[in-house]
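> Quick note, my numbering runs 13 ahead of the 1-based positions in the sequence shown.
Sharing a structure, written as structure tokens. Questions coming.
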Amino acid sequence: MFKLFQSIFRPGADKLGTYPEDLIARAIGRAIDGTDPRLRAVSGHKKRLRPAVIHAIDHVVELVDKLPPPLVMNRRNYGADAELRAYFASADHMNEVLSRDAELRQWQKTHDGLVAERVLGLLIMEPRERNVLGMAIEGDQLRHDVAQVTVGFNKHRVVDPTAVEDDTRRLLKRRAFDHLLTLALVRFADIQGERADLEQERGLMRGKLAALRAGGWGFGDDGGGETDEASADPRALQQRIREIDAQLGALGTGLLESHLDILVDVLARAEENLRAERVTLCVDRQGVKQAQASEMAPEITLATLHNSVGRSVVVRLIRIERADLPPPPDFLREAQRFLG
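Right, here's the structure in full:
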């Protein structure tokens, strides 16, 4: 049975190029179940998928293994770390983001979250640049209305929190592999044809894609609308996917060869469908981009993920000690303050 939240990667079995057969078999099975379970009816589907799946595993393992060590997040480090200052407007803003993060709060209620000394996860953000007119010192004169570019980040969220860095990295490998499957589903839903039941099939594919996104498959919205992943009921999502797969099973099989071709193509070209880019940036404490690094605008390196449907996010492994975790927001108190 397809398990939405189960990882194909196991401890000690996720090193680049040294995969046990059971990992490859699990990955092939997940590629099918995560897209169109009817593909099992296609003759030779495992043989056709195997090299593409191994290539995709190679890609996601290398992508995650290259992420730098976690960035320590706390108030003390905020003033000294240029990355934190770039990502958050203030230390209070940083703590507010953490206190309101639904997935992080949910993990803190689990057994691991209750006893862990620290939490590790992946911080995901959307970069934004704005052209503005500001002030700048040129020589010994203060000039106004100087064209500048400000850099900021929004839509912060934390995914795959665990108490151990290796566990978070394994979950991120699953997330990256699953993200490729959602990209295949996007292409499934875009297939054009003349069959009477094609529109129903495309609708089911879109429904499955929405359910997988709601279950946290990927690194954010990929053009299909915003989804509050952490608030989604896992059991309801699992049931919804089972219902969609059952309805797909009752339809014709005329598109299965096309679906298999698409899935093989997406996985075989994993590095084109999900790629990482390291970008250097010099930004001062006011968030203004500078041409050169200086004491007031140190250079930082951003890890940016791009996918084949035009989505880009900045990602950063983070570590937070238990003592530095802000308490969850008191919504009752906030409501009372708002109402006066």
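All residues carry an ideal CB built from backbone N, CA and C; glycine is no exception.
By Cβ distance below 7 Å, which residues in the same chain neighbour residue 339 in space, the five residues on each side in sequence not counted?
108, 111, 112
> Determine the extent of the alpha helix (DSSP H) in which residue 8 is found, giving its start and end residues.
Nothing can be reported for residue 8: it is not among the residues displayed for the chain, which extend from 14 to 353.
> Would you grab the beta carbon distance between residue 310 and residue 296 for me? Rounded to a whole angstrom, and I think it's under 8 Å.
6 Å
> Check this for me: beta carbons of residue 71 and residue 30, under 8 Å apart or not?
yes
> I'd like the list of long-range same chain contacts for residue 20, defined as Cβ closer than 7 Å, with 5 residues on each side in sequence excluded.
183, 184, 187
> Taking the beta carbon of residue 314 as the centre, do at least 16 other beta carbons fall within 10 Å, making it buried, or is it exposed?
exposed
> Check for me: the alpha helix (DSSP H) holding residue 64 runs from which residue to which?
58-78
> Since residue 32 contacts residue 26 with CB under 8 Å, what's their CB separation in whole angstroms?
7 Å
> Over what stretch of residues does the alpha helix (DSSP H) that includes residue 338 continue unbroken?
Neither: residue 338 is in no alpha helix (DSSP H) and is coded neither H nor E.
> Between which two residues does the beta strand (DSSP E) harbouring residue 324 extend?
Taken as a continuous stretch (DSSP letters only), residue 324 belongs to no beta strand (DSSP E), as it is neither H nor E.
> Looking at the structure shown, is residue 54 part of a helix, part of a strand, or coil, going by DSSP?
helix
> Provide the residue span of the beta strand (DSSP E) that contains residue 158, from first to last.
154-175
> With a CB to CB cut of under 6 Å and the five nearest residues on each side skipped, what residues in its chain are close to residue 156?
Once the five neighbours on either side are set aside, the close Cβ partners of residue 156 are 149.
> Using DSSP bridges, identify the partner residues of residue 147.
159
> With three or more C-beta pairs closer than 8 Å as the rule, is the stretch 322-331 touching the stretch 132-139?
At 8 Å Cβ cutoff, the stretches touch.
> Assign residue 127 to buried or exposed, taking buried as 16 or more other Cβ atoms, counted over all protein chains shown, within 10 Å of its Cβ.
exposed
> Note down the Cα distance separating residue 100 from residue 142, rounded to an integer number of angstroms.
13 Å
> By how many angstroms is the C-alpha of residue 89 removed from the C-alpha of residue 220?
45 Å
> How many Å lie between residue 181 and residue 256 at the Cα?
30 Å
> To which residues of the same chain is residue 95 closer than 7 Å at the C-beta, ignoring the five residues directly before and after it?
311, 313
> I need the DSSP call for residue 239, collapsed to helix, strand or coil.
Note that residue 239 scores a pLDDT of 41, beneath 50, so its modelled location is shaky and nothing firm can be said.
> Do residue 323 and residue 191 have their CB atoms nearer than 8 Å?
no
> On the CB-based measure, 16 or more other CB atoms within 10 Å of its CB, does residue 82 come out buried or exposed?
exposed
> If we require 4 or more residues per run, which alpha helix (DSSP H) segments fall completely within the stretch 87-155?
88-91, 95-100, 104-113, 115-121, 124-128
> According to DSSP, is residue 295 part of a helix, a strand, or is it coil?
strand
> Locate the alpha helix (DSSP H) running through residue 273, then write down its first and last residues.
269-281
> Under a three-way DSSP split, which group does residue 316 fall into?
strand
> Give the range of the alpha helix (DSSP H) segment to which residue 43 is assigned.
34-46
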